[in-house]
Amino acid sequence: MIPAAFDYHRPETLDEAVKLLKKHGDEAKVLSGGMSLLPMLKLRLASFAHLVDINRIPGLDYIKEKGGNLCIGAMTRQAALERSDLIRTKYPILADAIPLIADPLVRNRGTIGGNVANGDPGNDQPAIMLALGATFVARGGKERTIPANQFYKGLYSTALAPNEILTEIRIPAPPPRSGGAYAKLKRKTGDFAVAAAAVQLTLGKNGAIERAGIGLTNAGLTPIEAVDAAKYLVGKMPDEKTIAEAARLAAVKSSPSGDRRGTVEYKKEMARVLTTRALRKAVQRAGGN
Amino acid sequence: MAMHKISVTINGAVREAEVESRLLLVHLIREVFRMTGTHVGCDTSHCGACTVHLDGEPVKSCTVLAVQADGAKITTVEGLEQGGKLHAVQEGFTEKHGLQCGFCTPGMLMTTSALLVRNKNPSEQEIREAICGNLCRCTGYVNIVKAVQYAAEKMR
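What follows is the structure, encoded as structure tokens:
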């Protein structure tokens with residue numbers, strides 16, 4: 001399959017890339033890893049007159065701790081995150097998820113920036129960013145930050161303006177006694193989730209939950225933040241009864257559509273089950289029971 | 290139509306081409322360079338038959354633009370053999386009957402040869418995870434795993 005014709009641009013600086021996006025407006029699309037965009041173009045589900053390839057712009061590929069945040073450059077490939085000791089030791093919620101994204105060959109090209117900016121509710125990292133309370137840095141005319149929970153507007157629709165490029169993902173470093181987990185059900189390698197849940201918790205001195213974030217993948221037109229479930233958890237001891245109720249509340253918030261991966265009822269039930277599992281694991285990792 | 294002059298090093302040889310923006314890397318390799326060892330299978334980045342090394346990393350060449358490979362080093366299945374001697378993974382697939390129809394084999398060879406650069410002694414689980422983006426519809430993977438284990442031993 002061959003994509004419809006387009007012009008390819010390879011800017012060497014962010015300024016140049018932004019200028020190209022400004023010039024071509026919504027006829028242009030940013031090309032990062034291309035693991036979603038190129039199949040879409042090949043299947044002719046999308047077409048753009050201009051692709052702006054940001055692969056050769058220096059300084060967009062990094063994983064570093066800075067100012068109380070984990071900062072990840074948008075062009076950081078999934079394979080690099082998968083091999084990062086920092087991610088493995090301090091961000092288990094990401095370490096759980098990355099090996100479950102597509103397959104190793106796709107992860108050699110695919111980037112975290114593409115995963116979160118694509119606006120596909122089937123992508124895994126948006127729900128994780130909601131759970132972690134992450135912020136996205138965007139560069140258009142000037143730089144601005146957008147909280148993850150204000151970023152997703154609709155199916156493939158985000159808060160990014162046509163001339164903006166997502167450049168960095170900022171994740172607040174979890175305080176002591178924090179734990180996160182990602183639980184995903186998929187039919188086979190390379191498939192999107194039937195359902196998946198991302199959970200990030202912090203426990204207080206007495207063992208009660210101090211902060212909670214829960215995100216759901218493929219549970220609606222956008223990644224879903226299970227706000228009610230997270231609120232319910234705060235101040236409570238993380239016992240089985242509390243976990244069960246929070247998972248029930250999260251599933252209520254999910255609104256999947258029925259397809260070949262399952263019926264609506266099945267997917268909602270799986271959202272509940274996976275939230276339960278992710279909660280249990282997050283509590284355990286936070287040093288609770 | 291925008292055309293781009295590109296230059297790549299493929300299996301050690303510098304090759305130049307003038308390509309359309311939308312030309313895929315796999316078509317550059319097969320149709321422009323006429324190297325047909327790399328296969329097109331699903332054409333939707335699932336099956337891995339088109340796997341090549343792009344600057345040392347195995348990638349699905351049906352989902353990379355040819356113009357993106359400008360300046361890069363590409364290795365295809367034709368480049369595995371060195372000085373008339375098969376690569377250890379090629380020998381392994383022969384010895385352990387790691388193929389039947391052979392359609393997935395070029396991709397399997399490229400993925401597993403890259404695995405063995407990174408991991409000299411992969412467990413069966415690690416081999417299975419490494420090839421989970423390469424689909425084989427004949428063998429059930431048992432002999433493919435054996436072939437990679439044979440190659441790993443040979444390379445140690």
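If you're matching them up, the sequences are chains A and B in order. Counting with our numbering, you get residues 1 to 289 for the letters of the first sequence. Counting with our numbering, you get residues 290 to 445 for the letters of the second sequence. All residues carry an ideal CB built from backbone N, CA and C; glycine is no exception.
Item                                                                                                                                                                            : Value
If I measure Cβ to Cβ from Lys19 (chain A) and keep anything under 6 Å in the same chain, skipping five residues before and after, which residues do I get?                     : none
In the DSSP assignment, the beta strand (DSSP E) including Gly113 (chain A) goes from what residue to what residue?                                                             : Per DSSP, Gly113 (chain A) belongs to no beta strand (DSSP E); it is in the alpha helix (DSSP H), Ile112 to Ala117.
Would you mind telling me which residues of chain B sit closer than 8 Å to Lys189 (chain A), beta carbon to beta carbon, in chain order?                                        : Correcting the residue identity first, residue 189 (chain A) is Thr in this sequence and not Lys. Those within 8 Å of Thr189 (chain A) in chain B are Cys421 and Gly422.
Of all Cβ atoms in chain B, is any one closer than 9 Å to the Cβ of Ile63 (chain A)?                                                                                            : no
Taking 9 Å as the threshold (C-beta atoms), are Leu185 (chain A) and Ala195 (chain A) in contact?                                                                               : yes
List the residues of chain E whose Cβ lies closer than 7 Å to the Cβ of Ile2 (chain A), in chain order.                                                                         : Absent here is chain E; the protein component of the structure consists of chains A and B.
Could you check the C-alpha separation between Leu105 (chain A) and Gly381 (chain B) for me, to the nearest Å?                                                                  : 21 Å
What residues of chain A sit near Asp344 (chain B), judged by a beta carbon separation below 8 Å?                                                                               : Neighbours of Asp344 (chain B) on chain A: none; closest Cβ ~10 Å, over 8 Å.
Using DSSP with H/G/I as helix, E/B as strand and the rest coil, what is Gln200 (chain A)?                                                                                      : strand
Please list the segments of the beta strand (DSSP E) lying wholly inside the stretch 188 to 242 of chain A, counting only runs of 3 or more residues, in order along the chain. : 195 to 203 and 209 to 217
So, is the C-beta of Met35 (chain A) closer than 9 Å to a C-beta in chain B?                                                                                                    : yes
Using a Cβ-Cβ cut-off of 6 Å (strictly less than) and excluding sequence neighbours within five positions of Gly330 (chain B), which residues of its own chain qualify?         : Cys336 and Ala338
If we cut at 9 Å on Cβ distances, does Gln357 (chain B) have a partner in chain A?                                                                                              : yes
Less than 8 Å between C-beta atoms, sequence neighbours within five positions excluded: which residues of the same chain meet that for Ala148 (chain A)?                        : Val116, Pro126, Met129, Leu130, Leu132, Gly133, Ala134, Thr135 and Phe136
Taking C-beta pairs closer than 9 Å, name the residues in chain A that Thr333 (chain B) reaches, listed in chain order.                                                         : Met1, Pro39, Lys42 and Leu43
Between the Cα of Ile93 (chain A) and those of A:Ile171, A:Asn206 and A:Val30, spot the shortest distance and give me the residue it belongs to.                                : A:Ile171
Taking 9 Å as the cut-off, decide whether the C-beta atoms of Ala138 (chain A) and Leu160 (chain A) are in contact.                                                             : yes
In terms of residues, what are the limits of the beta strand (DSSP E) holding Ala306 (chain B)?                                                                                 : Ala302 to Glu309
Using only CA atoms, which one of B:Val321, B:Glu309, B:Met399 and B:Arg417 lies nearest to Tyr8 (chain A)?                                                                     : B:Glu309
Determine the burial state of Asp75 (chain A): buried for a count of at least 16 other Cβ atoms within 10 Å of its Cβ, exposed for fewer.                                       : This sequence places Met at residue 75 (chain A); Asp is not what is there. Buried: at least 16 other Cβ atoms inside 10 Å.
Report yes or no: do the stretch 413 to 427 of chain B and the stretch 382 to 394 of chain B share at least 3 C-beta pairs separated by less than 8 Å?                          : yes
Which residues, in chain order, does the stretch 5 to 25 of chain A contribute to contact with chain B at a C-beta distance below 8 Å?                                          : Ala5, Phe6, Asp7, Tyr8 and Arg10
For Gly33 (chain A), tell me which candidate among A:Ala5, A:Pro3, A:Gly113 and A:Ala95 has the shortest Cα-Cα distance.                                                        : A:Gly113
Taking a Cβ distance cut-off of 8 Å, strictly less, list which residues of the stretch 403 to 421 of chain B are near chain A, in chain order.                                  : Glu418, Ala419 and Cys421
Got a sec, what are the start and stop residues for the beta strand (DSSP E) Ile165 (chain A) sits in?                                                                          : Ile165 to Pro172
Assign Ile2 (chain A) to one of three DSSP states: helix, strand, or coil.                                                                                                      : coil
Given 8 Å as the limit, tell me if Gly68 (chain A) has its C-beta closer than that to any heavy atom belonging to the ligand HEM.                                               : This structure does not include the ligand HEM; it has no bound ligands of any sort.
In or out: Asn408 (chain B) buried (at least 16 other Cβ within 10 Å) or exposed?                                                                                               : exposed
Can you find a C-beta in chain A that's less than 9 Å from the C-beta of Val348 (chain B)?                                                                                      : yes
Can you tell me where the beta strand (DSSP E) with Val137 (chain A) in it begins and where it stops?                                                                           : Thr135 to Arg139
Apply the 10 Å Cβ neighbour rule to Pro39 (chain A) and answer buried if 16 or more other Cβ atoms are within range, or exposed otherwise.                                      : buried
Just the Cα atoms here: how many angstroms apart are Met397 (chain B) and Glu370 (chain B)?                                                                                     : 15 Å
How far does the beta strand (DSSP E) with Lys24 (chain A) in it extend, from its first residue to its last?                                                                    : Reading off the sequence shown, one finds His at residue 24 (chain A), where the question assumed Lys. From DSSP, His24 (chain A) is part of no beta strand (DSSP E) but of the alpha helix (DSSP H) over Leu14 to His24.
Would you tell me roughly how many angstroms separate the C-alpha atoms of Tyr152 (chain A) and Ile224 (chain A), rounded to the nearest one?                                   : 9 Å
At 4 residues or longer, what runs of the alpha helix (DSSP H) sit wholly inside the stretch 363 to 389 of chain B?                                                             : 377 to 384
Quick check: is the beta carbon of Ala440 (chain B) nearer than 9 Å to any beta carbon in chain A?                                                                              : no
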